[in-house]
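Student: Have a look at this one.
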Amino acid sequence: MFRKILSFRSQAEGDIIDITPTVKAAVRESGIVDGLVHLFVRHSTAALTTIEYENGVLADLKQSLSRLAPDTISYAHDSRWGDGNGRSHVKAALVGPDITIPVAAGELMCGTWQQIVLLELDTNAGRERTIICTVTGE
Amino acid sequence: MFRKILSFRSQAEGDIIDITPTVKAAVRESGIVDGLVHLFVRHSTAALTTIEYENGVLADLKQSLSRLAPDTISYAHDSRWGDGNGRSHVKAALVGPDITIPVAAGELMCGTWQQIVLLELDTNAGRERTIICTVTGE
Amino acid sequence: MFRKILSFRSQAEGDIIDITPTVKAAVRESGIVDGLVHLFVRHSTAALTTIEYENGVLADLKQSLSRLAPDTISYAHDSRWGDGNGRSHVKAALVGPDITIPVAAGELMCGTWQQIVLLELDTNAGRERTIICTVTGE
Numbered sequence: 001m002f003r004k005i006l007s008f009r010s011q012a013e014g015d016i017i018d019i020t021p022t023v024k025a026a027v028r029e030s031g032i033v034d035g036l037v038h039l040f041v042r043h044s045t046a047a048l049t050t051i052e053y054e055n056g057v058l059a060d061l062k063q064s065l066s067r068l069a070p071d072t073i074s075y076a077h078d079s080r081w082g083d084g085n086g087r088s089h090v091k092a093a094l095v096g097p098d099i100t101i102p103v104a105a106g107e108l109m110c111g112t113w114q115q116i117v118l119l120e121l122d123t124n125a126g127r128e129r130t131i132i133c134t135v136t137g138e
Numbered sequence: 001m002f003r004k005i006l007s008f009r010s011q012a013e014g015d016i017i018d019i020t021p022t023v024k025a026a027v028r029e030s031g032i033v034d035g036l037v038h039l040f041v042r043h044s045t046a047a048l049t050t051i052e053y054e055n056g057v058l059a060d061l062k063q064s065l066s067r068l069a070p071d072t073i074s075y076a077h078d079s080r081w082g083d084g085n086g087r088s089h090v091k092a093a094l095v096g097p098d099i100t101i102p103v104a105a106g107e108l109m110c111g112t113w114q115q116i117v118l119l120e121l122d123t124n125a126g127r128e129r130t131i132i133c134t135v136t137g138e
Numbered sequence: 001m002f003r004k005i006l007s008f009r010s011q012a013e014g015d016i017i018d019i020t021p022t023v024k025a026a027v028r029e030s031g032i033v034d035g036l037v038h039l040f041v042r043h044s045t046a047a048l049t050t051i052e053y054e055n056g057v058l059a060d061l062k063q064s065l066s067r068l069a070p071d072t073i074s075y076a077h078d079s080r081w082g083d084g085n086g087r088s089h090v091k092a093a094l095v096g097p098d099i100t101i102p103v104a105a106g107e108l109m110c111g112t113w114q115q116i117v118l119l120e121l122d123t124n125a126g127r128e129r130t131i132i133c134t135v136t137g138e
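Residue numbers (the working numbering), protein chains in the order written: chain G, 1 to 138; chain D, 1 to 138; chain R, 1 to 138.
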């Protein structure tokens with residue numbers, strides 16, 4: 001088992017960061033050739049998934065997330081705490097904080113148009129985000 | 001590898017149960033210090049995710065799930081079987097039944113405001129829910 | 001660790017394929033008795049989840065996915081590339097490409113009404129879909 005803490009800096013709500021190159025580098029550093037890499041974002045207003053890293057699709061995903069948790073409605077979380085990030089928590093819980101990708105011959109087995117992305121969902125911009133990367137295998 | 005069956009009792013549709021303390025105890029019991037804990041709810045009308053366990057956010061999440069699968073529309077599942085839980089199945093499939101959390105120094109590596117939760121989505125209240133907990137590592 | 005590449009052929013957008021028997025067979029072939037089976041679909045317009053494999057519920061799920069990413073709106077991805085599958089990418093990113101199921105006594109620990117399904121979300125019908133199946137354990 002190999003573990004590495006990965007850090008990313010987001011600029012604004014809705015940022016979608018392609019973390020594939022960083023994950024690839026961590027897998028290489030692990031020396032593990034065949035196995036699995038698990039990623040977990042340890043925040044309640046960020047999430048992980050895979051998507052084709054193309055600007056059009058990324059905009060489409062953001063719009064769909066706003067359909068799940070619109071900007072225009074009021075949130076109980078915001079009423080109680082004045083945080084303004086109720087929608088961020090909801091989106092993060094629905095997309096989920098973790099993903100596992102298979103590794104073969106030292107490489108990620110993602111599809112050609114399938115990148116691993118970190119979704120910055122918080123309304124407070126400019127955050128340091130921590131992802132725990134765990135590689136298991138042989 | 002360490003395995004433990006965890007049981008939880010829900011009271012009503014929409015219950016969100018913080019299972020973090022039970023998962024922590026299972027990890028401690030496993031004796032595994034560095035690794036991963038995998039959780040799987042073996043029901044098709046319940047789901048697992050992470051969220052800040054704060055009443056406002058929990059209410060917001062429920063509302064968002066009702067936007068995905070409204071109470072007010074008719075479901076093909078209900079028409080055929082008279083179950084009344086078509087919406088429960090849909091929500092569960094979208095959120096998903098499993099989650100994996102990293103473990104270091106015998107502790108869950110969740111964020112401070114990030115709890116692991118079981119979503120009771122069934123319309124039939126008062127259910128016993130089984131989660132299979134698997135801890136792997138060293 | 002045991003790995004097998006699983007292939008499935010879809011016919012049309014919205015196909016939901018029950019892959020449980022194929023996964024069961026792979027677990028049996030692995031010879032692993034207690035552990036975990038990880039599944040990853042290496043495409044950005046397909047997804048994996050669990051659901052009761054009943055026609056009514058499957059239709060309900062499709063309708064809910066169309067609420068997330070309607071057929072009737074325009075997508076930035078389609079405007080740029082003329083692909084017509086913007087909605088497919090969005091749905092796939094929200095449901096997610098991977099799932100992990102516990103294995104005990106050589107069997108999947110799914111619930112009785114909980115099948116593992118591949119969602120074909122692409123608008124271009126008749127695709128070969130690859131799922132990477134990794135079994136770990138003892």
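Note that CB positions come from ideal geometry on N, CA and C, so glycine has one too. It should be emphasised that the depicted structure is a prediction, and the values quoted were computed from it without experimental measurement.
So who's on the other strand from G:H38, going by DSSP bridges?
Tutor: Taking the first sequence and counting its residues from 1, one reaches residue 38 of chain G at position 38. G:H38 is bridged to G:T100 and G:T134.
Student: Report, in whole angstroms, the separation of the C-beta atoms of G:T20 and G:L6, which I expect to be a contact under 8 Å.
Tutor: Within the first sequence, the letter at position 20 stands for residue 20 of chain G. Within the first sequence, the letter at position 6 stands for residue 6 of chain G. At roughly 12 Å, the Cβ-Cβ gap does not stay under 8 Å, so G:T20 and G:L6 are not in contact.
Student: So, does the CB of G:G96 fall closer than 7 Å to a CB anywhere in chain D?
Tutor: Translated into positions along the first sequence, residue 96 of chain G becomes position 96. For G:G96, the answer is yes, since a Cβ of chain D falls inside 7 Å of its Cβ.
Student: Closer than 9 Å by beta-carbon distance: list the chain G residues that pair up with D:A92, in chain order.
Tutor: Residue 92 of chain D sits at position 92 when you count from the first residue of the second sequence. Chain G residues near D:A92: none, gap ~12 Å exceeds 9 Å.
Student: Could you tell me whether the Cβ of R:V135 comes closer than 7 Å to any Cβ of chain C?
Tutor: The chain labelled as chain C is not found among the protein chains of the depicted structure, namely G, D and R.
Student: As a quick exercise: from R:A104, R:D60 and R:T45, pick the residue whose alpha carbon is nearest that of R:T130.
Tutor: Counting from one through the third sequence, the residue named residue 130 of chain R turns up at place 130. The shortest C-alpha separation from R:T130 is found at R:T45.
Student: So, is the C-beta of D:F40 closer than 7 Å to a C-beta in chain R?
Tutor: Here residue 40 of chain D is taken as the residue at index 40 of the second sequence, counted from 1. At least one chain R Cβ lies under 7 Å of D:F40.
Student: Please list, in chain order, all residues of the same chain as G:A69 whose beta carbon is under 6 Å from its beta carbon, the five residues on each side excluded.
Tutor: Taking the first residue of the first sequence as 1, we reach residue 69 of chain G at position 69. Once the five neighbours on either side are set aside, the close Cβ partners of G:A69 are R87, V90 and K91.
Student: For a test of the three-state rule: what should DSSP assign to D:E107, helix, strand or coil?
Tutor: Start at 1 with the first residue of the second sequence, and residue 107 of chain D comes out as number 107. Reduced to three states, the DSSP call for D:E107 is strand.
Student: On the three-pair Cβ rule with 8 Å, is the stretch 119-129 of chain G touching the stretch 119-126 of chain D?
Tutor: Too few Cβ pairs lie closer than 8 Å, so no.
Student: Under a three-way DSSP split, which group does D:T117 fall into?
Tutor: On the second sequence, residue 117 of chain D is found 117 positions in, with the first residue counted as 1. It is worth fixing the name first, because residue 117 of chain D is Val in this sequence and not Thr. Of the three classes helix, strand and coil, the one that applies to D:V117 here is strand, per DSSP.
Student: Please list, in chain order, all residues of the same chain as D:F40 whose beta carbon is under 7 Å from its beta carbon, the five residues on each side excluded.
Tutor: Numbered from its first residue, the second sequence carries residue 40 of chain D at position 40. Excluding sequence neighbours, D:F40 sits near P97, D98, I131 and I132.
Student: Going by Cα to Cα distance, which pick from R:W81, R:T136 and R:A104 is closest to D:K4?
Tutor: What you label residue 4 of chain D is simply residue 4 of the second sequence in a count that begins at 1. The residue with the shortest Cα to Cα distance from D:K4 is R:A104.
Student: Pick out the complete alpha helix (DSSP H) segments inside the stretch 22-84 of chain D, 4 residues or longer, and give them in chain order.
Tutor: 55-68 and 76-81
Student: Strictly below 7 Å CB to CB, what residues from chain G border D:T49?
Tutor: Indexing the second sequence from 1 puts residue 49 of chain D at position 49. Near D:T49 (Cβ distances below 7 Å), the residues of chain G are A93 and G96.
Student: Where does D:S7 sit, in a helix, a strand or coil, going by DSSP?
Tutor: Numbered from 1 along the second sequence, position 7 holds the residue referred to as residue 7 of chain D. The answer is strand: DSSP assigns D:S7 an E or B state.
Student: Counting contacts by CB-CB distance shorter than 7 Å, is D:R127 in contact with chain R?
Tutor: One-based indexing of the second sequence puts residue 127 of chain D at position 127. False, the Cβ-Cβ gap to chain R never drops below 7 Å.
Student: Can D:M1 and D:T136 be called in contact, C-beta distance under 7 Å?
Tutor: On the second sequence, position 1 is the one that residue 1 of chain D refers to. On the second sequence, position 136 is the one that residue 136 of chain D refers to. A distance below 7 Å separates the beta carbons of D:M1 and D:T136.
Student: Answer yes or no: the CB of D:K91 versus the heavy atoms of the ligand MN, is any distance below 6 Å?
Tutor: Ligands in the displayed structure: none, and consequently the ligand MN is not present.
Student: Run through chain D and tell me which residues come within less than 7 Å of G:S143, C-beta to C-beta.
Tutor: Residue 143 of chain G is absent from the model: chain G starts at 1 and stops at 138.
Student: Using a cut-off of 7 Å between C-beta atoms, extract the partners of R:D18 located in chain D.
Tutor: Position 18 of the third sequence, counting from 1, holds the residue named residue 18 of chain R. For a Cβ distance threshold of 7 Å, nothing in chain D lies close to R:D18: the least Cβ distance comes to about 13 Å.
Student: Just verifying my parser: in three-state terms, what is the DSSP assignment at D:R127?
Tutor: In the second sequence, counting from the first residue as 1, residue 127 of chain D sits at position 127. The answer is coil: DSSP assigns D:R127 none of H, G, I, E or B.
Student: For D:T100, return the contacting residues in chain R, with the cut-off set at a CB-CB distance below 7 Å.
Tutor: By one-based count along the second sequence, residue 100 of chain D stands at place 100. Residues of chain R passing the Cβ test: T100.
Student: For R:A26, does the count of other Cβ atoms within 10 angstroms reach 16, so buried, or fall short, so exposed?
Tutor: On the third sequence, position 26 is the one that residue 26 of chain R refers to. That one is buried.
Student: Residues in the same chain with beta-carbon distance under 8 Å from G:G31, minus the five sequence neighbours each way, listed in chain order, please.
Tutor: Residue numbering aside, residue 31 of chain G sits at position 31 when the first sequence is read from its first letter. For G:G31, where only same-chain residues beyond five positions count, the Cβ hits under 8 Å are F2.
Student: Beta-carbon of R:I32 versus every beta-carbon of chain G: anything under 7 Å?
Tutor: The count along the third sequence starts at 1 and reaches residue 32 of chain R at position 32. Residue contact check for R:I32 against chain G: no CB pair falls below 7 Å.
Student: Would you verify that the beta carbon of D:A59 is, or is not, closer than 7 Å to some beta carbon of chain R?
Tutor: Within the second sequence, numbered from 1, the residue matching residue 59 of chain D stands at position 59. Closer than 7 Å: no.
Student: Looking at D:I17: is its Cβ nearer than 7 Å to the Cβ of D:L58?
Tutor: On the second sequence, position 17 is the one that residue 17 of chain D refers to. On the second sequence, position 58 is the one that residue 58 of chain D refers to. No, the Cβ-Cβ distance between D:I17 and D:L58 is not below 7 Å.
Student: Is there a Cβ of chain G sitting closer than 7 Å to that of R:I5, yes or no?
Tutor: Numbered from its first residue, the third sequence carries residue 5 of chain R at position 5. It does not; no Cβ of chain G falls within 7 Å.
Student: Leaving out five residues on either side along the sequence, give the residues of the same chain with a beta carbon under 6 Å from the beta carbon of D:V33.
Tutor: Looking up residue 33 of chain D in the second sequence gives position 33. Within the same chain, D:V33 has close Cβ partners G106.
Student: Compute the beta-carbon to beta-carbon distance between R:G14 and D:R42, rounded to the nearest angstrom, for a pair I have assumed lies under 8 Å.
Tutor: Translated into the one-based positions of the third sequence, residue 14 of chain R becomes position 14. Translated into the one-based positions of the second sequence, residue 42 of chain D becomes position 42. Actually they do not touch by this definition, with Cβ atoms about 26 Å apart.
Student: Smallest Cα separation from G:R80: which of D:A12, D:R9 and D:E54?
Tutor: Taking the first sequence and counting its residues from 1, the one referred to as residue 80 of chain G is at position 80. Closest by alpha carbon: D:E54.
Student: In the DSSP assignment, the beta strand (DSSP E) including R:D18 goes from what residue to what residue?
Tutor: Position 18 of the third sequence, counted from the first residue, corresponds to residue 18 of chain R. Counting along the chain, the beta strand (DSSP E) containing R:D18 begins and ends at I16 to D18.
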